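Anchor point for the sequence shown: position 123 equals 260 in this note's numbering, and the numbering is continuous, going up by one each time. We put the CB at the ideal spot given by N, CA and C, even for glycine. As the structure is a prediction and not an experimental result, all values here were calculated from the model. Just below is one structure, and these are the notes that go with it.
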Amino acid sequence: MSATDYFIHPSAIVDEGCQIGAGTKVWHFSHIMGGCIIGEGCNLGQNVVVSPKVVLGRNVRVQNNVSIYEGVLCEDDVFLGPSMVFTNVINPRSAVSRKNEYRQTLVRRGASIGANATIVCGNEIGAFAFIGAGAVVTRPVPAYALVVGNPARHTGWMSEFGHRLHFDASGIAVCPESGERYALQNGAVRKLETPSI
Ligand SMILES: CC(C)(COP(=O)(O)OP(=O)(O)OC[C@H]1O[C@@H](n2cnc3c(N)ncnc32)[C@H](O)[C@@H]1OP(=O)(O)O)[C@@H](O)C(=O)NCCC(=O)NCCS
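Structure below.
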């Protein structure tokens, strides 16, 4: 891959030894550290830090002022809202080294994390989950779940297009934008196959 396959703003710093996918853009004052992997078509806003060993999939959107620490993995199509916060040490003490105790945070495909939310490390964010603005996530979040507040509580379900899902008595909901159908069964949501015509 040639250096022209992606865009790095002149004020950004990209260390040796990182991989950046074609079509990715890195904006003002951001710092991409060696040993991270960033997929194709990502957008990293202003003042974003990507630490070593971080992995971002394709089309990950990172808004301004987000630091993505070692231990974080984001799958394709993840949205990280402005100034949201990851963590990687559960019990930090300045005088005690915890560099071998990072807890992983896996953000599954299509999940969105709202502005100013905090993700306490060691918690998986399920596919297409939606974390409301300002939430503090202290537990794993199921796929398609909407959680808000501090501590974050599960208040509903969201479609892949980002709309509330209202399930009928038989446990079926339809996304008002895409028309896609979802089933709620045993406390978990899955998207139903669209019948082929
Ligand atoms: C959660 C969210 C998707 C709204 O969902 P919604 O279904 O439209 O929710 P509503 O506005 O109808 O609010 C429903 C209830 O949830 C509460 N609520 C909504 N967002 C909330 C949040 N982030 N934290 C806490 N409570 C919230 C509302 O106060 C309301 O409470 P009430 O029923 O007691 O009055 C939205 O508020 C949100 O946080 N979006 C993220 C925006 C963002 O960070 N964007 C970043 C890119 S700019």
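- Between the CA atoms of V192 and A325 - distance to the nearest angstrom: 27 Å
- Task: If I'm right that P263 touches V278 with Cβ under 8 Å, what's the distance once you round it to whole angstroms?
- Result: The question names Pro, but residue 263 in the sequence shown is Gly. With 8 Å as the limit, G263 and V278 qualify as a contact, their Cβ atoms being about 5 Å apart.
- Item | R198 versus C179 - alpha carbon distance | 6 Å
- My understanding is that A254 touches A272, with C-beta atoms under 8 Å, so please give their C-beta distance in whole angstroms. 5 Å
- Buried or exposed for L283, please, with buried defined as at least 16 other CB atoms from any protein chain shown within 10 angstroms of its CB. buried
- Query: Is any heavy atom of ligand 1 found at a distance shorter than 6 Å from the C-beta of V203?
  - Reply: no
- Task: Mind checking which residues open and close the beta strand (DSSP E) that includes C211?
- Result: 209-211
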